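**Student:**
2 protein chains.
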Amino acid sequence: MASDRTSAGDPARTLALLWGSGPAPRHGPGRGLRVEVIVDVATALADREGLGAVSMRRVAQRLRVSPMTLYTYVPGKAELLDLMLDAAYRRLPKEDTTGRPWRERLTALADANRALYLAHPWASAVSTLRPPLGPGLMAKYEHELAALNGLGLSDLEMDDALTYLLSFVQASARAASDARATRVESAMSDEQWWAANAPLLSQVLDADTYPLAVRVGSAAGAAQGSAHDPEHAYRFGLQRLLDGLAALIDRP
Amino acid sequence: MASDRTSAGDPARTLALLWGSGPAPRHGPGRGLRVEVIVDVATALADREGLGAVSMRRVAQRLRVSPMTLYTYVPGKAELLDLMLDAAYRRLPKEDTTGRPWRERLTALADANRALYLAHPWASAVSTLRPPLGPGLMAKYEHELAALNGLGLSDLEMDDALTYLLSFVQASARAASDARATRVESAMSDEQWWAANAPLLSQVLDADTYPLAVRVGSAAGAAQGSAHDPEHAYRFGLQRLLDGLAALIDRP
DNA sequence: CGGCTACTTCGTACACAGTACGACGTACAG
DNA sequence: CTGTACGTCGTACTGTGTACGAAGTAGCCG
């Protein structure tokens with residue numbers, strides 16, 4: 469799939485769901501389920517088996533209910549993903565870092581988001597453009613802006629800086645999550661993969677045609693565990709990111 | 469969808485395809501197609517209608533051929549995506565920036581990648597972890613390392629810096645591409661969407677509970693075109709990124 | 001209390017996906 | 001000329017999201 473999309477249906481209905489302000493039904497039989505239960509089951513499924521395992525049929529099966537029953541609670545799958553994401557945002561621990569130096573505050577913020585994606589790898593794959601404007605996201609946004617407040621940034625710069633930081637963490641998480649998915653899917657460790665490909669690669673990658681690529685590529689491969697190391701890339705990137713913001717924040 | 473994955477099948481077969489070193493078949497009827505034609509048709513389809521429109525059936529239809537015929541040329545869809553990506557990398561113009569200041573060189577590099585994702589929005593959605601090690605990628609990698617060479621970075625730092633930069637550009641492109649997809653899919657402009665949601669949002673987002681979020685959010689919304697502005701985020705991010713690398717490159 | 005009506009549940013069905021399998025025909029090696 | 005390797009493709013399987021309509025339930029109104 470190209471990235472899973474969100475928010476396909478009626479925006480008002482979705483918003484009402486996010487904020488739990490659905491009008492209670494007046495007629496008909498009692499509802500056997502609650503939206504939060506559906507969201508929890510879908511989240512558990514995604515946590516254990518990945519976003520690809522989340523289908524309406526499988527969620528319904530876990531709930532011992534017919535697939536179509538879910539549609540009385542949720543307009544569609546896209547909205548279900550929105551709800552999962554907002555609920556995850558809501559659960560994010562929000563450490564108070566008031567008074568600490570700004571680098572520490574932003575590092576804590578980045579680490580918290582990284583932890584979120586570590587606990588819920590699927591979250592990095594759900595699109596966050598025009599994100600689910602639910603209580604979870606709003607609380608998260610408010611808390612994160614607090615770490616950027618009082619640093620001499622304009623409102624616009626605060627939003628820009630936060631977007632930049634969150635985008636970096638999400639990209640890192642996506643890379644890590646993709647790497648793990650590839651490993652699982654191909655049932656092949658990085659070492660196995662390189663071993664299988666080494667013979668052909670050595671024929672084709674001669675150091676005359678690609679001098680830098682061969683030199684740097686093998687240096688990077690040797691330093692890390694042969695392929696890409698997400699943890700290392702995260703630490704490197706976060707330092708550059710903070711240095712880059714320093715030029716904005718600590719300006720004379 | 470979680471991001472489309474790549475490289476599922478036999479690695480050796482995929483590598484041979486990438487480097488065009490398939491052994492010529494000795495028996496049987498002549499082949500009516502060529503891999504490059506399939507790749508071109510699939511790319512054209514993805515360019516015009518998005519990655520979601522690329523199905524084996526639709527590609528085959530464009531080629532006036534049965535879907536299963538494609539499988540004699542390509543092991544599967546994942547490998548087809550790999551080939552599309554490597555071909556796109558190969559077409560990337562590689563401007564010689566030797567002698568120019570490093571900020572200019574890296575900006576040119578980032579802009580070239582951004583242009584790639586602008587021309588081929590689907591490329592940002594195809595996973596690039598354990599990427600297709602074809603001639604296109606290798607030429608790209610070699611060319612991009614050249615822009616980082618001679619700046620006093622270690623081999624590992626060069627790879628780290630490049631990964632950091634490319635990851636930023638890809639994340640920006642993904643955001644832009646997701647935004648456009650959402651707009652198309654919901655058949656709703658940003659203004660329409662905000663207009664539809666404003667009544668409920670104003671009820672729920674009071675400035676007492678979310679003071680910073682409301683203030684900064686509306687400032688950001690007013691400055692940009694009401695929602696997220698990918699172009700603005702790219703320019704902001706690139707400046708921070710270069711400032712961050714400056715702390716590494718221009719160190720005493 | 002009877003009936004209307006809104007409501008939940010769910011069986012069936014449709015259009016689409018990737019691709020496994022096997023039948024059929026072709027063209028080269030011997 | 002024959003055998004065999006190979007390209008082509010019809011059919012089919014599993015799985016997706018979800019539209020539609022039938023069936024049954026529970027509250028409201030007369």
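The listed protein sequences correspond, in order, to chains A and B.
The C-terminal residue of the first sequence carries number 720 in the working numbering, and the numbering is unbroken.
The C-terminal residue of the second sequence carries number 720 in the working numbering, and the numbering is unbroken.
Even for Gly, the Cβ is constructed at its ideal location relative to N, Cα and C.
Just so we're clear, the structure is a prediction, and the values are computed from it rather than from any experiment.
(1) According to the Cβ coordinates, are B/R573 and B/T565 closer than 7 Å?
(2) Run through DSSP, which three-state label would A/K562 get?
(3) Ignoring anything shorter than 4 residues or poking outside the region 516-555 of chain A, list the alpha helix (DSSP H) runs there in chain order.
(4) Is there a C-beta anywhere in chain B that falls below 7 Å from the one on A/S534?
(5) Count Cβ pairs between the region 632-648 of chain A and the region 686-706 of chain A that sit closer than 8 Å; are there 3 or more?
(6) Determine whether the beta carbon atoms of A/D658 and B/G712 lie at a separation below 7 Å.
(7) List the residues of chain B that A/T631 touches, going by C-beta distances under 7 Å, in chain order.
(8) Ordered along the chain, which non-local residues of its own chain (more than five positions away) have a Cβ less than 8 Å from that of A/H696?
(9) Mind checking whether B/L577 and B/A546 have CB atoms under 7 Å apart?
(10) Counting Cβ pairs, one atom from each stretch, are 3 or more of them under 8 Å apart for the region 608-625 of chain A and the region 655-675 of chain A?
(11) Helix, strand or coil, according to DSSP, for B/M469 in the structure here?
(12) Just verifying my parser: in three-state terms, what is the DSSP assignment at A/W661?
(13) The region 650-671 of chain B: which residues have C-beta closer than 7 Å to a C-beta of chain A, in chain order?
(14) Rounded C-beta distance between B/D627 and A/V682? I'm assuming under 8 Å.
(15) Taking a cut of 9 Å between CB atoms, which residues from the region 613-639 of chain B lie near chain A?
(16) Using a C-beta to C-beta distance shorter than 7 Å, which residues of chain A count as neighbours of B/I606?
(17) For A/A655, name the three-state secondary structure that DSSP assigns.
(18) State whether the region 576-591 of chain A contacts the region 659-668 of chain B, with contact taken as three or more CB pairs (one from each stretch) at a distance under 8 Å.
(19) Residues of the region 542-573 of chain B with a CB closer than 8 Å to any CB of chain A: list them in chain order, please.
(20) What's the C-alpha gap between A/L601 and B/L483?
(21) Identify the contact partners of A/L716 in chain B, using a Cβ-Cβ distance below 9 Å as the criterion.
(22) May I ask you to report which of helix, strand or coil DSSP gives B/L586?
**Tutor:** Short version:
(1) In this structure, B/R573 lies near B/T565, with their beta-carbon atoms less than 7 Å apart.
(2) coil
(3) 524-530
(4) no
(5) Yes: the two stretches touch, three or more of their Cβ pairs being nearer than 8 Å.
(6) no
(7) A701
(8) A643, A647
(9) no
(10) Below 8 Å, too few C-beta pairs join the region 608-625 of chain A and the region 655-675 of chain A to call them touching: fewer than three.
(11) For B/M469, the predicted model reports a pLDDT of 37, less than 50, meaning its position is unreliable; a value from the coordinates is still stated below. B/M469: coil per DSSP, three-state reduction.
(12) Here DSSP, grouped into helix, strand and coil, assigns A/W661 to helix.
(13) T650, E653, S654, W661, A664, N665, L668, L669
(14) With a Cβ gap of about 12 Å, B/D627 and A/V682 do not count as contacting.
(15) L613, A614, L616, N617, S622, D623, L624, E625, M626, D627, D628, A629, L630, T631, Y632, S635, F636, Q638, A639
(16) Note on residue identity: the sequence assigns Met, not Ile, to residue 606 of chain B. L673, Y678, A681, listed in chain order.
(17) coil
(18) no
(19) So the list is empty, because no residue satisfies the distance condition.
(20) 44 Å
(21) Q707, R708, D711
(22) If DSSP states are grouped into helix, strand and coil, B/L586 belongs with the helices.
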